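> Submitted below is the structure of interest, expressed as structure tokens.
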Amino acid sequence: EADIYQTPRYLVIGTGKKITLECSQTMGHDKMYWYQQDPGMELHLIHYSYGVNSTEKGDLSSESTVSRIRTEHFPLTLESARPSHTSQYLCASSAGTGDTNEQFFGPGTRLTVL
Amino acid sequence: QQQVKQSPQSLIVQKGGISIINCAYENTAFDYFPWYQQFPGKGPALLIAIRPDVSEKKEGRFTISFNKSAKQFSLHIMDSQPGDSATYFCAARGVNFNKFYFGSGTKLNVKP
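Residue numbers (our numbering), protein chains in the order written: chain A, 1 to 114; chain B, 115 to 226.
Right under this line is the structure:
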């Protein structure tokens, strides 16, 4: 069982609200990732981080922002939520060393913007 | 542009049968090909993975077949069980940036 946590698990919020999705891991992994997953669709990378104070945008354009002030914490923020942001958001981490670089996923946050 | 193409989108198999899911990629710079299993309400979990210098990898009932020249790889689940019912994603890792590209997923339903 991977030690990576996401809160909240479910969030229903009105348009225009600011939200922060939390992600934390206790494995000491350097690399962390945020994916967006729509039902029946592939995972799209929206943000990633190679370590503290390192963040990059992924391949799918996103209006969200991330920060990495501590190794174990990688929150994602939406300043003004819109219905188009409705999706599942998955956080993942990996050690960044070794041959396989396995990613461990959290349980996800299902966001609904009304 | 989708980097990894996965088929079929859904699959129904009788208990004890063989489930086969296929993936294809274009980018020859990929260096690691994992398969993930995802149950409803959970995040994906690594099931089995292969590197491109190996043509086959078997772990229990799960086998990856890899065809480097055709840029295709597939997951075979032998003796499929109802507990295998889940969504399966193939993925490929970019060699330079350690980013993963995922297929669109296959929802497997194993009938008892």
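Virtual Cβ for every residue (Gly too), placed ideally from N, Cα, C. Quick caveat: nothing in here was measured; it's all calculated off a predicted structure.
Measure the CB-CB distance between G106(A) and Q37(A) and report whether it falls below 8 Å.
No, they are not a contact pair.
> Kindly indicate the opening and closing residues of the beta strand (DSSP E) around V118(B).
Where V118(B) is concerned, the enclosing beta strand (DSSP E) stretches over 118–121.
> Could you please tell me which residues of the stretch 25–41 of chain A, in chain order, have their CB closer than 9 Å to any CB of chain B?
Within the stretch 25–41 of chain A, the qualifying residues are K31, Y33, Y35, Q37, G40, M41.
> Using a Cβ-Cβ cut-off of 8 Å, state whether L43(A) counts as contacting chain B.
With 8 Å as the cut-off, L43(A) counts as an interface residue toward chain B.
> How long is the line joining the alpha carbons of L125(B) and N223(B), rounded to whole angstroms?
For L125(B) and N223(B), the distance between alpha carbons rounds to 6 Å.
> Checking 8 Å against the spacing of the C-beta atoms, do Q123(B) and T201(B) come in under that value?
Not a contact, by the Cβ cut-off of 8 Å.
> Out of S80(A), Y35(A), C23(A), state which residue places its alpha-carbon closest to the alpha-carbon of S67(A).
It is C23(A) whose Cα lies nearest to the Cα of S67(A).
> What number of angstroms, rounded off, separates the C-alpha of Y50(A) from the C-alpha of K31(A)?
C-alpha separation (whole angstroms): 4 Å.
> Straight-line CA distance for M192(B) to S54(A)?
Roughly 43 Å between the two C-alpha positions.
> Under 8 Å between the Cβ atoms of L189(B) and I132(B)?
Going by C-beta atoms, L189(B) is not nearer than 8 Å to I132(B).
> Which bits of chain B does N101(A) rub up against, with CB to CB less than 8 Å?
Simply Y146, R207, N212.
> How many angstroms separate the CA atom of G130(B) from the CA atom of Q195(B)?
G130(B) and Q195(B): Cα-Cα distance of roughly 6 Å.
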